[in-house]
Amino acid sequence: QVQLVESGGGLVQPGGSLRLSCAASGTSGSSFRFYDMGWYRQAPGKQREWVATINSRGNTNYHDSVKGRFTISRGDAQSTVYLQMNTLKFEDTGTYYCNRIPFALAWGQGTQVSVSS
């Protein structure tokens, strides 16, 4: 069974940067490379929302609120997807998750991002 483990979150000031990682265990890189993967986030008291997608060919797509600030990438040999977050804003605060698209796997525990001065 494939498990997703997110990491890299933390407390950062507005304008700062973080790099999140999501490692998929229970699958090989030869399978992972066929997955389209996405990052999602859930702010306190709100529903989980989609943030970014990277498909198996490396094509990316972003929510309008993060375009130009966030970059999604992947390392198929490590079965890992990344989210580089720059110029962070207060509204980026939340728990960040990754998952496969469209056939979602079991959600991981997420990684907490807090943007605060």
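Mapping to this note's numbering: the sequence shown position 39 is 22, numbers consecutive. Glycine included, each C-beta is placed from N, C-alpha and C at the ideal position.
Using only the alpha-carbon positions, how far apart do V(-5) and T70 sit? 10 Å
Going by DSSP, what residue range makes up the beta strand (DSSP E) through G77? 77 to 84
Assigned secondary structure, F17 (DSSP; H/G/I helix, E/B strand, else coil): coil
CB-CB under 6 Å to G97, same chain, minus the five flanking residues each way: which ones, in chain order? The sequence given here places Ser at residue 97; Gly does not occur at that position. L(-6), T76, listed in sequence order.
For the beta strand (DSSP E) containing V(-5), name the first residue and the last one. -7 to -5
P(-3) versus M68 - alpha carbon distance: 11 Å
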